[in-house]
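Engineer: For reference, the structure I am asking about is given below.
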Amino acid sequence: MRGTRKFRHVIETPDPGKWELAGYEASLPISEKSNPITREIDKADPALLVQLLKECDAEIFQEEEGALINYKRLYSESILKTVVDIAKRVQEIIKEPDDGLIVLSGCGNSGRLAMLLANSFNKLLKGLHKKPCYTYIISGGDRSLISPQEGSEDNPLVGAIELEKVCGGKKKVVFIGISCGLSAPFVAGQLDFCMNNLDIFLPVLVGFNPVSMARNDCIEGWHSTFRQVAERMQKLQEIQKAIILNPAVGPEGISGSSRMKGGSATKILLETLFLAAHKADCNVEVTEKCLLEILRTYERAHKVTYSQSKKIASFVKQAATSLQKKGHLYLLGWRTLGIMGIMEAVGCIPQFGADYRDFRGFIAGGYNGMLNKEGDLTALGTEFAISHEDFIKNIVPSLSEMDTVLFIFTVDDELPEIEKLAGLVKEKTSNFQAVSHATAGQCLPNSIKKLFPNIISITWPILFLEYEGNFIQIFQRELSTKWILNTVSTGAHVLKGKIYRNYMVDFKVSNAKLFQRAVSVVQRLTEQSQPRCIETLLQSIYGPEMLTDQIRSLPISKHVEAASVKDKVVPVAIVSMLRSCTVHEAKSRLDAYPSIRAAIDASINAPGRKRGAESSEAAGQNK
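Okay, so the sequence shown: first residue is 1 according to the UniProt record's numbering, each after it adds one.
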């Protein structure tokens with residue numbers, strides 16, 4: 001491990017990875033490559049699993065390595081300069097907010113982060129007696145904050161309409177479109193709209209692939225690919241009419257799981273940018289030094305968080321035990337830490353083929369704590385009941401020893417309420433734990449310490465950075481909580497057998513990007529041609545008896561529509577191809593094994609198979 005290069009770092013970052021070499025999974029963008037660090041994470045015990053994900057997260061802070069492909073990194077001079085440029089444009093809106101607006105937009109996890117960040121910085125402005133000027137857009141609307149609406153990200157026209165709607169009457173808008181893989185059509189449509197209205201809009205694209213790796217598949221019913229939109233922005237960037245902010249942070253610990261490292265990097269980048277803009281508004285010049293000071297606080301958060309690796313591993317083990325026994329995992333949070341819990345739970349549904357009942361988040365105050373635009377969504381159904389009162393009413397009566405409950409709070413939160421709620425949970429299950437955050441000098445009361453069988457207590461140093469210091473500490477706590485929850489949820493699903501090597505193999509095929517990912521994963525693991533993989537995937541979706549030439553010729557959106565209501569589409573296709581059997585037989589074979597991973601592993605290593613997926617580095621490079 002190497003500690004520093006150009007800059008002085010708080011943490012040690014990994015040596016340059018194999019993924020940085022020319023030719024490594026060359027057909028795949030960085031965000032979809034498999035990370036060599038976690039190549040065998042499916043065989044790891046909880047302690048090793050935490051260590052591997054810790055190393056993956058540390059890659060966010062890695063500097064560029066001149067001897068390898070020259071990917072821009074978080075600390076690259078060009079990236080820091082770009083952050084400064086955007087901060088200055090944001091600052092203009094903060095100074096004259098009446099006719100201006102800062103819009104953050106994204107799909108899925110990126111949209112949830114957009115909501116969190118917009119609300120956080122509006123709160124910062126209100127505390128300074130200034131007019132709030134941030135807003136957010138999430139594809140699918142506010143219901144996507146609580147329940148995945150993955151298909152909604154495929155419509156660029158709706159994206160543009162939503163943007164036009166929120167910006168009505170504004171004369172100057174900084175639009176920040178977040179798409180970790182440079183792939184979301186919803187965001188592409190918004191960026192295109194901005195570029196057609198440059199008298200009002202400054203379009204900013206945030207993601208973690210080079211433009212040359214942006215998604216280049218046709219977008220149904222639209223005139224451009226995402227890459228064409230990004231290339232148009234590149235040309236406008238030369239005359240300061242558009243900005244692309246896209247450092248490489250390395251492949252995800254679980255291939256394609258951008259809610260993990262991509263989400264963390266989004267949070268770090270945009271909070272650093274906005275904090276710098278607010279400092280500038282206080283007549284402090286935005287400099288590289290100013291950015292580095294803020295970035296180091298996030299490195300410190302990584303160090304502080306993973307100093308608790310042993311306890312995090314025990315949380316992973318307990319969560320996995322609950323899921324393996326068909327129990328549930330519940331996250332009870334306060335303030336923005338409650339939002340982090342809800343975001344984590346919602347993100348697991350599409351990525352691991354989970355049911356919303358398996359893994360749920362609840363927040364003190366419900367929608368009053370969320371501060372979402374559309375207000376209380378409880379009337380939409382049980383899935384949208386997210387308050388602690390809803391937890392007491394709907395969940396506590398059926399809690400059992402198979403379930404695990406994780407409390408997430410700070411010492412500044414309502415401790416008597418926490419104690420009372422923990423007491424109710426204790427009557428039903430002994431599997432309840434806590435993540436507690438405090439500032440130096442604060443102490444968790446003994447009554448609460450004694451109540452919880454297992455607590456991760458994190459103490460943060462006091463930051464003497466005037467008013468903004470309070471927010472930096474809030475952001476550190478949120479990121480720390482995110483890292484812990486990412487590790488617990490991912491680790492639990494790995495141990496449940498939902499991952500093969502470091503590939504998601506049981507995700508919902510619920511949008512065009514995920515359809516293409518499904519084809520790619522099937523091809524990587526079976527080493528068969530792309531047309532054959534698509535054919536088998538379609539058989540898994542429709543059933544072989546229903547698959548006609550007419551269905552084969554349907555647009556991807558129709559295949560996604562059919563697949564989104566089906567379970568185990570991807571693992572059935574994989575086993576069917578590996579075993580050279582029908583999809584019906586593949587389903588039976590899957591049911592005969594204790595986990596999806598076990599079924600795939602047995603199929604890859606079945607007697608008579610000439611080659612295993614492990615034997616060819618080329619698998620996954622031929623898309």
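Note that beta-carbon positions come from the ideal geometry of N, C-alpha and C, so glycine has one too.
In chain order, what residues of the same chain lie with their CB nearer than 7 Å to the CB of L377, ignoring the 5 residues before and after it?
Structural biologist: So the qualifying residues of the chain are D142, R143, I146, Y367, F384.
Engineer: Counting only beta-carbon atoms, is N446 nearer than 8 Å to chain B?
Structural biologist: Note that chain B does not occur in the displayed structure, where there is just one protein chain.
Engineer: Under 8 Å between the Cβ atoms of Q51 and S387?
Structural biologist: Taking 8 Å as the Cβ cut-off, Q51 and S387 do not qualify as a contacting pair.
Engineer: Cutting at 8 Å between CB atoms, please list the residues of its own chain near S257, excluding the five before and the five after it.
Structural biologist: Correct list, in chain order: Q351, T490, M504.
Engineer: Just curious, the beta strand (DSSP E) that H437 is in, first and last residue?
Structural biologist: 432-439 is the span of the beta strand (DSSP E), which, as asked, contains H437.
Engineer: Using the beta-carbon count (16 or more within 10 Å), is A26 buried or exposed?
Structural biologist: Answer is exposed; the Cβ neighbour count stays below 16.
Engineer: Sort Q149, E535, Y136 by Cα distance to V166 and report the nearest one.
Structural biologist: Checking every option, the nearest Cα to that of V166 belongs to Y136.
Engineer: What does the alpha-carbon distance come out to for the pair Q91 and L202?
Structural biologist: Rounded to whole angstroms, Q91 to L202 spans 13 Å at the Cα level.
Engineer: Counting along the chain, where does the alpha helix (DSSP H) carrying R517 start and finish?
Structural biologist: 512-526 is the span of the alpha helix (DSSP H), which, as asked, contains R517.
Engineer: Since Y330 is in the beta strand (DSSP E), which residue starts that stretch and which ends it?
Structural biologist: From DSSP, the beta strand (DSSP E) with Y330 extends over 329-333.
Engineer: Could you give the distance in angstroms between the alpha-carbon of A319 and the alpha-carbon of C290?
Structural biologist: Computed Cα separation, rounded: 40 Å.
Engineer: By the three-class DSSP mapping on this structure, what secondary structure does T4 have?
Structural biologist: Bear in mind that the predicted position of T4 carries a pLDDT of just 40, short of 50, making it too unreliable to give a figure here.
Engineer: Are the region 232-251 and the region 188-202 touching, with three or more C-beta to C-beta distances below 8 Å?
Structural biologist: Contact holds: three or more Cβ-Cβ distances are below 8 Å.
Engineer: Where does G17 sit, in a helix, a strand or coil, going by DSSP?
Structural biologist: Residue state, collapsed to three classes: coil.
Engineer: Enumerate in chain order the residues of its own chain whose CB-to-CB distance from I585 is below 8 Å, with the five nearest sequence positions on each side excluded.
Structural biologist: It should be pointed out that residue 585 corresponds to Glu in this sequence rather than to Ile. Here the set comprises S576, R579.
Engineer: Quick one: what's got a C-beta closer than 6 Å to T38's C-beta in the same chain, skipping five residues either side?
Structural biologist: Hits under 6 Å: L52, G253, N502.
Engineer: Here's the rule: buried if 16 or more other CB atoms are within 10 angstroms of the residue's CB, otherwise exposed. What is G608?
Structural biologist: Result: exposed.
Engineer: Please list, in chain order, all residues of the same chain as S152 whose beta carbon is under 6 Å from its beta carbon, the five residues on each side excluded.
Structural biologist: Excluding positions up to five away in sequence, the list reads S139, G140.
Engineer: Quick one: residues in its chain with C-beta nearer than 8 Å to the C-beta of M1, no 5 flanking neighbours on either side, listed in chain order?
Structural biologist: Interpretation of M1 is limited by its pLDDT of 32, a score under 50 that renders its predicted location unreliable; no figure is taken from the coordinates.
Engineer: Which residues in the same chain as I200 place their Cβ atom closer than 6 Å to its Cβ, once the five residues preceding and following it in sequence are excluded?
Structural biologist: Taken in chain order, the residues that qualify are V173.
Engineer: Who are the Cβ neighbours of T297 in its own chain at under 7 Å, not counting the five residues just before and after it?
Structural biologist: Within the same chain, T297 has close Cβ partners I472, Q476.
Engineer: Can you tell which of T481, V572, N155 has the C-alpha that lies nearest to the C-alpha of K303?
Structural biologist: The residue with the shortest Cα to Cα distance from K303 is T481.
Engineer: Let's see if you can read the secondary structure: which residues bound the alpha helix (DSSP H) around V229?
Structural biologist: 226-237 is the extent of the alpha helix (DSSP H) around V229.
Engineer: I'd like to know if the region 21-35 and the region 177-184 are in contact, where contact means that at least 3 CB-CB pairs between them fall below 8 Å.
Structural biologist: Yes, they touch.
Engineer: For L28, which residues in the same chain have their Cβ closer than 6 Å to its Cβ, ignoring the five residues on either side in sequence?
Structural biologist: The answer is none, since no qualifying residue turns up.
Engineer: Determine the DSSP secondary structure at N622, reduced to helix, strand or coil.
Structural biologist: Bear in mind that a pLDDT of 39 at N622, under 50, signals an unreliable position, so the model cannot answer this.
Engineer: Check whether the Cβ atoms of I79 and K88 sit closer than 8 Å, and answer yes or no.
Structural biologist: Going by C-beta atoms, I79 is not nearer than 8 Å to K88.
Engineer: Would you kindly report the start and end of the unbroken beta strand (DSSP E) that includes L28?
Structural biologist: Segment: none, L28 is in no beta strand (DSSP E) and carries neither H nor E.
Engineer: To the nearest angstrom, how far is it from the Cα of I294 to the Cα of I268?
Structural biologist: For I294 and I268, the distance between alpha carbons rounds to 9 Å.
Engineer: Within the continuous beta strand (DSSP E) that includes L377, where are the two ends?
Structural biologist: Careful: L377 lies outside any beta strand (DSSP E) and carries neither H nor E.
Engineer: Since I believe L331 is in contact with G341 (beta carbons under 8 Å), could you give me their beta-carbon distance rounded to a whole number of angstroms?
Structural biologist: Contact holds; Cβ gap of about 3 Å.
Engineer: Ordered along the chain, which non-local residues of its own chain (more than five positions away) have a Cβ less than 8 Å from that of E468?
Structural biologist: Cβ neighbours of E468 beyond the five flanking positions: L124, L275, H278, K279.
Engineer: Kindly indicate the opening and closing residues of the alpha helix (DSSP H) around I386.
Structural biologist: From DSSP, I386 is part of no alpha helix (DSSP H); its letter is neither H nor E.
Engineer: Go through the region 113-190 residue by residue and report every complete run of the beta strand (DSSP E) that reaches 3 residues or more, in order.
Structural biologist: Counting whole runs of 3 or more residues, the region 113-190 contains the beta strand (DSSP E) stretches 134-138, 172-178.
Engineer: Going straight from the alpha carbon of G23 to that of S520, what length do you get?
Structural biologist: When rounded, the distance between both Cα atoms is 17 Å.
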